[in-house]
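Residue numbers (this note's numbering): 14 to 188.
Put into structure tokens, the structure is as follows:
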């Protein structure tokens, strides 16, 4: 186990905080750890009434490309992940969620980030109309399970939370 000796905030932003920590290892050796602190996120595989799944396509600046992924969003500080995914589903897809099922969480980048993404399965409920954040440009699309699996296999879908959610749904016998 590593013991924190000191921690310095290098940057504090709207989404992340960057820390530079000095740690002591088990053998008393000292080292530096750079950590991206993140409140976490939540993602959902929302099944439509016709059996397909909603996905969103949006440009992801950090990757410099459009990504195809399950609906997701960041948690506000201290926010319950289930409340967050209900909010995000309404914001991005315009639907209430029925039969919400928690699938655990995934850690996308364990080497330098504290982020956890909570994974969910749900079914399409009442349409209430989407309302994107001011800086979001999202296209909602629907795909069959077979199409999603083929796109993952072909490298079209590379988003980790989407791939993990699909895996967890299979483990839970939801699909």
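No residue lacks a Cβ here, since even glycine has one placed at the ideal position from N, Cα and C. Keep in mind that this is a model prediction, so the values were computed, not measured.
Pairing residue 146 with residue 82 gives a Cβ-Cβ distance that is not under 9 Å. Taking 9 Å as the cut-off, the Cβ atoms of residue 95 and residue 116 do not count as close. Residue 99 has its alpha-carbon roughly 26 Å from the corresponding atom of residue 123. For residue 174, no beta strand (DSSP E) segment is defined; the enclosing uninterrupted segment is the alpha helix (DSSP H) at 173-184.
Between the C-alpha atoms of residue 60 and residue 18 there is a straight-line separation of about 47 Å. In this structure, DSSP gives residue 42 a state outside helix and strand, which the three-state scheme calls coil. If you look at residue 187, you'll find it isn't in any alpha helix (DSSP H); DSSP assigns it neither H nor E.
In the structure shown, residue 119 falls within a strand segment according to DSSP collapsed to helix, strand and coil.
Per DSSP, the beta-bridge partners of residue 54 are 87, 130.
If you check the CB distance, residue 67 and residue 154 come in under 9 Å.
DSSP lists 71 as the bridge partner or partners of residue 151. Exclusion of the five residues before and after residue 181 leaves 116, 117, 132 as the residues of its chain whose Cβ lies within less than 7 Å of its Cβ.
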